[in-house]
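Here's the structure we're looking at; comments come further down.
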Amino acid sequence: IMERIGGRIRVQSEVGVGSEFTTLFASSEEKREEIRFHLATEKSELDDVFFIQRKVLVGEKGYLDDSIKRCEDENVIHILAFKGLQPVGTVSLVTSDHFWPLPIASSFDITPILKTDRCAEIIRLAVLPHMRNTSASIGLIILVFLLSRALGVKELVIDVFADDAKTIRLYRKFGFVEVGTYYSPSEVTVMALLEKSTLEENQNLLNHFVKPLFRRLRPLFDFGEYTEAVHEEMDRILSTAE
Numbered sequence: 611i612m613e614r615i616g617g618r619i620r621v622q623s624e625v626g627v628g629s630e631f632t633t634l635f636a637s638s639e640e641k642r643e644e645i646r647f648h649l650a651t652e653k654s655e656l657d658d659v660f661f662i663q664r665k666v667l668v669g670e671k672g673y674l675d676d677s678i679k680r681c682e683d684e685n686v687i688h689i690l691a692f693k694g695l696q697p698v699g700t701v702s703l704v705t706s707d708h709f710w711p712l713p714i715a716s717s718f719d720i721t722p723i724l725k726t727d728r729c730a731e732i733i734r735l736a737v738l739p740h741m742r743n744t745s746a747s748i749g750l751i752i753l754v755f756l757l758s759r760a761l762g763v764k765e766l767v768i769d770v771f772a773d774d775a776k777t778i779r780l781y782r783k784f785g786f787v788e789v790g791t792y793y794s795p796s797e798v799t800v801m802a803l804l805e806k807s808t809l810e811e812n813q814n815l816l817n818h819f820v821k822p823l824f825r826r827l828r829p830l831f832d833f834g835e836y837t838e839a840v841h842e843e844m845d846r847i848l849s850t851a852e
């Protein structure tokens, strides 16, 4: 019932003390439909990340359950997408500053392909079915890219199930290229962004897609201490438009 009316119940429990239940409701119908993004830093937010990962990656994609909520997730930046109060998507960024070798190294040797040590891996893009191909899913993809650039990352790596043709085509549009495959146990395509993205170089894309998208995204995200740097990265990309 709470989910249908756009509300949430949060529970905090402490052994020997008890449990506290908090009921949350959107303040208006507009707020209930609003898409927004922020970094997961609180325990309840991290629980949202792992819930969505399990629902999408384990439930749909065949990931093993014990691959969710790993020790290394403590050194990962997690972005959450919300519709109103409900979490609807997540994506994570692993930078070489905090995790080396990158997680993909356990399945695929990426080091011969990378040209710098300022690199990162995008992992665990997971969006609930009814929110795919919406501003929530495209926002996660664009914002994790902008955040990586704001952090000084020069090269990006991602792996995608080989039969997920739609996601592969999407990343190709942003300038990612296929650099190899591995099996886990299904075939997985490894993609990398080694040069400037098409967001930065394609003038038609800049003027007709990037500009209006950035305008819509600006008020929708709060990345704490990184917010200003992401805005500056947006401005830098837009400054290349002719």
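Each residue of the sequence shown is one higher than the one before, starting from 611 at the first, in my numbering.
Here a beta-carbon is modelled for each residue, glycine too, at the ideal position from N, C-alpha and C.
Nothing here was measured: the structure is a model prediction, and the numbers come from that model.
Comparing alpha-carbon positions, which option in R734, A802, A736, F771 lies nearest E765?
-> Closest by C-alpha distance to E765, out of R734, A802, A736, F771, is A802.
How would you write the range of the alpha helix (DSSP H) that I751 sits in, first residue to last?
-> Looking at the DSSP string, the run of the alpha helix (DSSP H) that includes I751 is 745-760.
Rounded to the nearest angstrom, how far is the Cβ of P697 from that of I662, given a contact under 8 Å?
-> P697 to I662, Cβ: 6 Å. Contact.
Roughly how many angstroms separate the alpha carbons of F755 and T632, rounded to a whole number?
-> Their backbone Cα atoms lie some 34 Å apart in a straight line.
Complete runs of the beta strand (DSSP E) confined to the stretch 784-834 [at least 3 residues] | Within the stretch 784-834, the complete beta strand (DSSP E) runs of at least 3 residues fall at 787-793, 797-803.
Comparing alpha-carbon positions, which option in Y792, F647, A715, E630 lies nearest R826?
-> Out of Y792, F647, A715, E630, F647 has the C-alpha closest to the C-alpha of R826.
In angstroms, rounded to a whole number, what distance separates the CA positions of D657 and T700?
-> Their Cα atoms are separated by approximately 11 Å.
Helix or strand or just coil, what does DSSP make of F771?
-> F771 falls in the strand class under three-state DSSP.
Top-ranked residue by Cα proximity to T799, from K806, L809, E805, E788 | The residue from K806, L809, E805, E788 with its alpha-carbon nearest to that of T799 is E788.
Figure out for me which residue from R782, P822, N817 has the closest Cα to the Cα of K806.
-> With distances taken between Cα atoms, K806 lies closest to R782.
Of the listed residues I768, R759, G785, nearest to A839 (C-alpha basis) = Taking only the C-alpha atoms, the option nearest A839 is R759.
So what does C681 bridge to, in DSSP terms?
-> Under DSSP, C681 forms no beta bridge with any residue.
Over what stretch of residues does the alpha helix (DSSP H) that includes T726 continue unbroken?
-> Where T726 is concerned, there is no enclosing alpha helix (DSSP H), given that its DSSP letter is neither H nor E.
Within the same chain, show all residues whose beta-carbon is closer than 7 Å to that of S794, passing over the 5 residues directly before and after it, in chain order.
-> Setting aside the 5 residues that flank it on each side, S794 is surrounded in the same chain by S717, each with a C-beta closer than 7 Å to its C-beta; the list follows chain order.
Compare the C-alpha of H708 against each of D683, F819, I689 and name the closest.
-> Answer by Cα proximity: D683.
Indicate whether D769 and I714 have their beta-carbon atoms separated by less than 7 Å.
-> The answer is yes: Cβ separation under 7 Å.
What residue from L667, E670, W710, T721 has the CA that sits closest to N685's CA?
-> Minimum Cα distance to N685 is reached at W710.
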